[in-house]
Structures are given as C-alpha cells and as structure tokens.
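Visitor: The sequence shown maps to residues 11 to 149 in the numbering used here.
Supplied in structure tokens, the structure appears directly below.
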Amino acid sequence: IPGVPTISWDGPGEATVGQDFDVTVKFAGGSGLKTVRAQLRFDPRVLVLTSADAGDIVPADIKATVVPRINQTAGVAQMVINAAPDSPAAGEGSLMVLHFKALTPDAGSKLSLQVAAVTAAGAALPPSTQTPFSIVVNP
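What follows is the structure, given as structure tokens:
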C-alpha cells in the first residue's frame with residue numbers, strides 16, 4: 011500500500027544489568043503521513059524506559075510538541091504525531107529513540123510496537139504490528 015512505512019529496530023542484542031542503552035524505531039518508505047500513532051510495550055520488570063525522544067521523521071515545526079508518554083508501571087510508551095497536511099511526516103529515518111536501563115537478567119526481553127497512520131489525504135492505513143525486538147540482559 012503506498013505510504014505505508016516499513017518499520018525496523020536498531021539497538022543492541024544484549025545489555026548488562028545496570029547498563030543504559032538506546033533502541034531506535036526506524037521508518038523506511040513512509041510518505042505523506044498526517045497522523046501516526048505508535049504504542050510500544052516492554053517488560054517493566056526487566057527494563058526501565060528512562061526517556062524517549064521523537065525521531066527525525068517528525069516535522070520540525072511540531073517536533074517540540076511530540077513527546078512520547080511513558081507508563082513505566084504498565085510497560086507502555088505512546089507517541090502521537092499530528093502533522094499539518096502540508097507538512098506531513100515522511101521519509102526514512104527514526105520514528106523515536108528509546109532510552110532504557112537494564113534492571114534484571116532475562117534470556118530475551120521483547121519490545122513490541124503497534125503503529126497506525128492516516129495519510130495527508132485522509133486515508134487510514136492498516137494498523138501494523140512489527141516483529142518484536144529482543145534483548146538479552148546479562149547479570
């Protein structure tokens with residue numbers, strides 16, 4: 011479907027308890043996106059999401075207002091981009107950068123992401139669930 015981005019992860023495959031690390035959610039091929047809603051899930055017993063930043067696909071004129079909301083207790087982070095139709099989110103790059111700290115050892119903690127989007131023309135793109143990102147947390 012035209013305009014539907016391909017989403018991938020960029021982060022370490024493993025970390026050590028107490029270590030800070032970043033995971034970037036990357037977009038490729040998205041174009042003309044007026045609204046993007048992203049919801050991340052993680053295991054709050056294993057990881058602390060200390061902060062998150064809007065990525066470089068977010069239009070510059072709204073970047074300061076696009077702040078991911080984090081619910082550490084539930085292990086959820088949400089981000090919504092509401093761009094003007096004449097200045098949509100587009101291109102290839104990062105959707106968001108996630109800053110984590112490893113809490114406890116785990117053989118493969120998963121990060122999962124759901125994304126829904128609406129084009130500048132008002133067409134709703136089908137929601138997508140991405141292949142989870144897995145990170146091993148060593149003692």
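Glycine is no exception: its CB is placed at the ideal position from the N, C-alpha and C atoms.
Could you spell out where the beta strand (DSSP E) holding L121 opens and where it closes?
Guide: The sequence position of residue 121 within the sequence shown is 111, counting from 1. Segment 116 to 129, the beta strand (DSSP E) holding L121.
Visitor: Take every Cβ of the stretch 114 to 123, pair it with every Cβ of the stretch 64 to 74, and state whether three or more of those distances are shorter than 8 Å.
Guide: Output reads no: the stretch 64 to 74 does not touch the stretch 114 to 123.
Visitor: Have a look at L43 and V90 and give me their C-alpha separation to the nearest angstrom.
Guide: Taking the sequence shown and counting its residues from 1, one reaches residue 43 at position 33. Taking the sequence shown and counting its residues from 1, one reaches residue 90 at position 80. Each residue's alpha carbon lies about 12 Å from the other.
Visitor: What is the DSSP secondary structure of A74, reduced to helix, strand or coil?
Guide: As a working mapping, residue 74 is identified with position 64 in the sequence shown. If DSSP states are grouped into helix, strand and coil, A74 belongs with the helices.
Visitor: What number of angstroms, rounded off, separates the C-alpha of A94 from the C-alpha of I145?
Guide: By one-based count along the sequence shown, residue 94 stands at place 84. By one-based count along the sequence shown, residue 145 stands at place 135. Roughly 36 Å between the two C-alpha positions.
Visitor: Report the rounded CA-to-CA distance for V77 versus N92, giving the unit in angstroms.
Guide: Indexing the sequence shown from 1 puts residue 77 at position 67. Indexing the sequence shown from 1 puts residue 92 at position 82. V77 and N92: Cα-Cα distance of roughly 12 Å.
Visitor: Going residue by residue through the stretch 45 to 99, where are the continuous beta strand (DSSP E) segments of at least 3 residues, counting only ones entirely within it?
Guide: For the stretch 45 to 99, whole beta strand (DSSP E) runs of length 3 or above, ordered along the chain, are 57 to 64, 79 to 81, 86 to 92.
Visitor: Does the Cβ of G40 have 16 or more other Cβ atoms within 10 Å, making it buried, or fewer, making it exposed?
Guide: Residue mapping note: residue 40 aligns to position 30 of the sequence shown, counting from 1. So G40 counts as buried.
Visitor: Check whether the stretch 80 to 89 touches the stretch 131 to 143, counting contact only when three or more Cβ pairs, one atom from each stretch, lie closer than 8 Å.
Guide: Output reads no: the stretch 131 to 143 does not touch the stretch 80 to 89.
Visitor: Thinking C-beta only, is V35 closer than 7 Å to G153?
Guide: Any question about residue 153 goes unanswered here, given that the chain covers just 11 to 149.
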